[in-house]
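Be aware that the sequence shown starts at 9, since it is given in this note's numbering, and climbs by one per residue.
Think of the CB as a built atom: it goes at the ideal place given N, C-alpha and C, for glycine as much as any other residue.
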Amino acid sequence: MAIKTIKQHSLEAFHVVSKAALQFIKMIISKLWQMLCGLLSFFFGSVDYKAPSWMKWCGTQSLKLRNTVYQKPTKSLGVITIIAALSIGAWQGLLWYQARPQPVTVKVTVKVPTRTVIEENLPPNPLVISFDHSVAPIELVGKVATDGITVMPKIIGEWKWSAENELTFQPKADWPVGEKYLVSFSKKAFTPKTLLDSWELEFTAPEFTASIANSEFYQDPINPAMKKAVVNVNFSHPVDAAKLEKSITLKMRSTKKSLLDFGNATIPFVVSYDKLKLNAYIHSSSLSIPADDSVLEVSIDKGLKSERGGKAFETALHQDVNIPGLYSLNINEVSPTVVSNEQNEPEQILILNASAAVHEKETASHIKAWVLPRNKSNSTPEELKYPHVWNTQEVTAAILAEGGKLSLEAIPAERENIETHSFEYKANVGSYIYVQIDKGLKSFGGYQLGKTSQHILQVPPFPAEVKILSQGSLLALSGERKVAILTRDLPGVQMEIGRILPG
């Protein structure tokens, strides 16, 4: 009886404490909710909220559950204990399931065959399937595999275990262009208990592709009137020539747009091919020299196909070829140098380099040179101590007349039409010379220098030199016993003379 009374008092105390705790929590939540509502109301105004039916149902059920716990605490505690035990058991069961030994699956990888190098008469590249474990029946390694492998769509060829973890398929004929295949395996193709991560594999045979390999503006070295653009297009498989030629468009446009440009001129072309039709060469018709620098736009529409069929190449190709205008001839370099002639004597040489081949007579008729005065006529005594460093803006006809004209003697080259021309001249070392190439200079192809090219150069010094003029390396004791020495631009010479002892 006493135990029952103590138990009853304990339950009553538990009810009182639980009720007080719930009241306290409810009060705290109520206060926080009032503060939050007041804050939101301050910023956003009042909100009339009506709870949805599902929320009302949840609230009702929560009240029922709470009342049940208050009315039957012992039974509720037992239910909670059972739920907790079931949860812990489920968690431990999951951990056990995850920790149990897992079956070993074999990872399968596919090496897709690349295009066949038909230009070197090589066989088709094989399909290679690799496994990260040994899966081949030991008796079939290095032999043909006949069971448990199917390919769709069907293709004639040979499956072979090239290694215990590598399977290859060698087609009898070249792979159909861009064909998609499905390879399916069954268990009898492998060792017992082999479990693959995938029993079906997909791959695509080499697809037809095209790319522009290079392009250039070409001028015939014999007939300069023959000018054209040439574009080389490369293909992975023999191209359908008729489809290609219908897809090509050549248009010329000037790099200088103006209000008079109403459209681009379409340029005729012809196409040539190599033996296997893996390369096409687009030749424009003969091009006249445009007034301004222009661009030949080469466009190839998408949809090119191989003559062997298959999926089309769904990418358009574009290439711009620069076409030089009438006044595109440029002088790249004019520089003085010193070289030794056949007699080993130094000569002052002027080098001119043009952007295109020019006839040597044409160059000689358009180049002029003058020696500039050492100083300006109005130089101060301090300025007269040093030669004046001239620039092209200072040069006038009066300055040139004061300095004097410089004679240039053309040095013949191996070819009459050449980019680099040489002229011999004689001027004092350190002096400044003014070189002018008149506009209108015409290249072998008809291109002209658009404006006069002016250059101011300083004559370089002769290279220092010392040389023994006598022949041989021994000097006899008889005779004058003199050694002739040639020196140039050296302050002195130090010599060592040895004597060969008799015997």
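- When the beta-carbon positions are compared, S223 and Q327 come within less than 9 angstroms of each other.
- Taking all protein chains shown into account, A237 has 16 or more neighbouring C-beta atoms within 10 Å of its C-beta and is therefore buried.
- Straight across, the Cα-Cα distance linking P276 with K259 is about 9 angstroms.
- About 7 angstroms separates the beta carbon of G453 from that of K235, a gap short enough to meet the 8 angstroms contact definition.
- Under a 10 Å Cβ-count criterion, R123 is classified as buried, with 16 or more other Cβ atoms of the shown protein chains found around its own Cβ.
- Cβ-Cβ distances below 8 angstroms link H374 to I445, D446, G448, L449, L457 in the same chain, with the five nearest sequence neighbours on each side left out; the list follows chain order.
- By the C-beta criterion, the stretch 461-481 is judged to be in contact with the stretch 491-511, since at least 3 inter-stretch pairs fall below 8 angstroms.
- If you draw a straight line from the Cα of V143 to the Cα of V185, it comes to about 31 angstroms.
- At a cut-off of 3 residues, the continuous stretches assigned as beta strand (DSSP E) that sit fully inside the stretch 197-271 are 208-212, 218-227, 235-243, 256-262.
- Within the stretch 269-315, the complete beta strand (DSSP E) segments of 3 residues or longer fall at 277-281, 287-292, 302-308, 312-314, listed in chain order.
- Restricted to the stretch 397-449, the beta strand (DSSP E) segments that are unbroken, complete and at least 3 residues in length are 417-419, 425-433, 440-445, listed in chain order.
- Across the structure, I331 and S294 are spaced so that their CA atoms are roughly 12 angstroms apart.
- Taking a C-beta distance under 9 angstroms as the contact criterion, V114 and L175 do not qualify as a contact pair.
- In the displayed model, H141 falls within coil according to three-state DSSP, outside both helix and strand.
- Bounds of any alpha helix (DSSP H) do not take in A324, whose DSSP letter is neither H nor E.
- With respect to the 9 angstroms criterion, Q401 and Y440 are not classified as neighbours on the basis of their beta carbons.
- In this model, E215 and W167 are separated by some 22 angstroms (Cα to Cα).
- Rounded to whole angstroms, the separation of the alpha carbons of N173 and T158 is 18 angstroms.
- Where S387 is concerned, there is no enclosing alpha helix (DSSP H), because DSSP gives it neither an H nor an E.
- Pairing I308 with Y189, the inter-Cα distance amounts to about 30 angstroms.
- Judged by DSSP in its simplified three-state form, K168 adopts strand.
- With contacts defined as CB atoms closer than 9 angstroms, L337 and S363 qualify as a contacting pair.
- A direct Cα-Cα distance of roughly 57 angstroms separates N287 from V379.
- When only Cα atoms are considered, G156 and I256 end up about 49 angstroms apart.
- The residue from S95, Y105, A197 with its alpha-carbon nearest to that of V149 is A197.
- Looking from the CA of V474, the closest CA among V303, G97, A492 belongs to A492.
- If you draw a straight line from the Cα of S262 to the Cα of T274, it comes to about 13 angstroms.
- When DSSP reads this structure, R496 sits in a beta bridge with E473.
- By the CB criterion at 9 angstroms, Y335 and Y455 fall inside the cutoff.
- Contact between E424 and N361 fails: their C-beta atoms lie close to 16 angstroms from each other, not under 8 angstroms.
- Taking C-beta separations shorter than 6 angstroms and ignoring five residues to either side along the sequence, the partners of P111 in its chain run L203, following chain order.
- In chain order, V159, L209 place their CB closer than 6 angstroms to the CB of V191, counting only its own chain and leaving out the 5 sequence neighbours on each side.
- For T158, DSSP records a beta bridge to S192.
- DSSP places L130 in the coil class of the three-state scheme, outside both helix and strand.
- Between S296 and G333 the beta-carbon gap is near 11 angstroms, outside 8 angstroms, which marks them as no contact.
- Straight-line measurement puts the Cα of K490 at about 47 angstroms from the Cα of W398.
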